[in-house]
Amino acid sequence: MATQTAVRRKLRARRKVRVVAGERPRLSVFRSSKHIYAQIIDDSTGTTLAAASSSAVKTGTKTDTAAAVGRALAEAAAARGVKQVVFDRGQYKYHGRVKALAEAAREGGLDF
């Protein structure tokens, strides 16, 4: 259960994402204490275009695993023909595992 502060932080970040998104799908990140999940969502239709999680990809440290999830997501997005997204970090700082995931997705071919 998220605190009220975390919910406000998430909504504030998402509001900024919607302003710059235009027609681009959104790359949303969820981070728990054990795993990290990422999905590319088309908000106009409400469908998930591609997804990846650390439960399927386990390598080394949590940061290494997050980078592997970013690469796997970029491959899944390329298979669906998605090249440009807007990054939704949610309530998390762009730091550590979230940053590793984003940079690996960029290296994998996603543009944001």
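Going by full-length UniProt numbering, 3 is the number at position 3 of the sequence shown; the sequence numbering is gapless. C-beta atoms are modelled at their ideal positions from N, C-alpha and C, and glycine is treated no differently.
To the nearest angstrom, how far is the alpha carbon of residue i from that of residue j?
i	j	result
I36	R15	22 Å
K10	V85	18 Å
A104	R8	28 Å
F87	K58	23 Å
V17	D42	13 Å
R24	G96	25 Å
E107	L101	10 Å
Just reading off the beta strand (DSSP E) that residue i is part of, what are its end residues?
i	result
D42	36-42
D111	Segment: none, D111 is in no beta strand (DSSP E) and carries neither H nor E.
Among the options, which one has its Cα closest to the Cα of residue i?
i	options	result
S44	G22, E107, T61, G108	G22
A76	T63, L27, A100	L27
T3	G108, Q91, F87, D42	Q91
K99	V85, T63, L73, G109	T63
S33	T61, F87, A74, E103	T61
What span of residues does the alpha helix (DSSP H) with residue i cover, start to end?
i	result
V17	4-21
A77	62-80
A102	97-107
Determine whether the beta carbon atoms of residue i and residue j lie at a separation below 9 Å.
i	j	result
R89	A6	no
S54	T47	no
L49	L110	no
A56	A38	no
Next on the checklist: Would you call the stretch 81-90 in contact with the stretch 62-73, where contact means no fewer than 3 C-beta pairs closer than 8 Å?
Outcome noted: no
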